[in-house]
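> Just passing along the structure, written as structure tokens.
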Ligand code: SF4
Ligand code: SF4
């Protein structure tokens, strides 16, 4: 005798999961159509070896898939340190997929319970998790493509849906696949997107999104995007920060998230700008792991750009040091750009000194930075 839906729901709450819904294991055909029609925009996912297209069929992950259980976890229950907000996407600040000290043990306990009762389960990474949650009746979409809970975090988007495919059939909940935005909102998310990645309701060009650019870009972003990327080092919350559907949650005074506060000291911009591989692997990668250690240049480059956009001349000595010590021309180039962006006499003198020591694209960036200060 397999478990009833009520028993599964009870157990989810018992292990500390916050919301749960059920849907069928049917294919996500609408998602497949979007991916097929926008192949060029998502080509990079195939190159990266992510089976997003295959992920639209739950049977890819579990042959005898019958239902999908979706649990939803709020990730912004407590306040994040102000020094990290606006630089690191909130959902990554307390991501325990590697450290396994928060959500993961609760999920494992839940999956073990299913297994002990004869139900095979699989929580796949590349399945449309937001669409699964809406199909399970747990919330609606915003025009920014985020999922808004019907219940948690004051119905905001500060939640993470986790789909779990199972080989046992449960009666599905009523789907809520719809956009739940108030008519009076004048598409604040689209207007606020700094790079124009979110270009119309529910349509994003992923390759222009700051999140993509900070984790996956293979080269230095073009000059016209660097200012737009602002202070973000890893991820971007801008289209959620401006959303009126999120303001009720954000207006509260919340207790500090102690897990994040404990790691805050490792995430100061100068430390990240100068970090070596050992520092990265010990202090950063366990929490924000989309960039392999071999691509540490990307972190250095993102931090240099963020520092440039801070316009804070306190950082000029750090940029000078990073230019001198870092051997990667993408990092050197961004340090030069950042010095030009901050400006001032110290930055100008340093850049003039770098001119004769550099060549190629780095020298070009140095020249442009000097010109910027002169103008
Ligand atoms: S995450 Fe940032 S860059 Fe990406 S769509 Fe939202 S506002 Fe635009
Ligand atoms: S900003 Fe407005 S349009 Fe965008 S998701 Fe929020 S409510 Fe919807």
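Residue numbers (this note's numbering): 2 to 376. Don't be surprised by glycine CBs; every beta carbon is placed ideally from N, CA and C.
#1: With C-beta atoms as the reference, is residue 199 less than 8 Å away from residue 186?
#2: Using the Cα positions of residue 154 and residue 184, report the straight-line distance between them to the nearest angstrom.
#3: Just checking residue 144 against ligand 2 - is the residue's beta carbon closer than 7 Å to any of the ligand's heavy atoms?
#4: The beta strand (DSSP E) that contains residue 162, what's its start and end?
#5: Alpha carbons only, please: which of 327, 82, 30 and 17 is nearest the one belonging to residue 57?
#6: Enumerate, from N- to C-terminal direction, the unbroken beta strand (DSSP E) stretches of 3 or more residues contained entirely within the region 49–79.
#7: Secondary structure at residue 139, three-state DSSP: helix, strand or coil?
#8: Comparing C-alpha positions only, which one of 312, 347, 172 and 335 sits nearest to residue 300?
#9: What did DSSP end up calling residue 21 once you bin it into helix, strand or coil?
#10: Cα separation between residue 61 and residue 148?
#11: Could you name each continuous beta strand (DSSP E) segment of 3 residues or more that falls completely within the region 321–349, going from the start of the chain to the end?
#12: Excluding five sequence neighbours on each side, which residues of the same chain lie with their C-beta closer than 6 Å to the C-beta of residue 347?
#13: Give every residue of the same chain whose Cβ lies closer than 6 Å to the Cβ of residue 173, excluding the five residues on either side of it in the sequence, and list them in chain order.
#14: Going by beta carbon distance, what residues of the same chain come within less than 6 Å of residue 365, once the five residues before and after it are set aside?
#15: Could you say if the region 212–220 and the region 228–238 meet the contact criterion of at least three C-beta pairs nearer than 8 Å?
#16: Ignoring anything shorter than 4 residues, give me the alpha helix (DSSP H) runs that lie fully in the region 173–238, in order along the chain.
#17: If you count every other CB in all the chains shown that lies within 10 Å of the CB of residue 281, and 16 or more means buried, which is it?
#18: In angstroms, rounded to a whole number, what distance separates the CA positions of residue 53 and residue 86?
#19: Counting along the chain, where does the alpha helix (DSSP H) carrying residue 291 start and finish?
#20: Residues in its own chain within less than 6 Å of residue 303 by CB, not counting five upstream and five downstream?
In short:
#1: no
#2: 22 Å
#3: yes
#4: 160–167
#5: 30
#6: 68–75
#7: coil
#8: 335
#9: strand
#10: 24 Å
#11: none
#12: 317
#13: 23, 24 and 25
#14: none
#15: yes
#16: 189–193, 211–217 and 224–227
#17: buried
#18: 30 Å
#19: Element bounds for residue 291: n/a, residue is neither H nor E.
#20: 215 and 234
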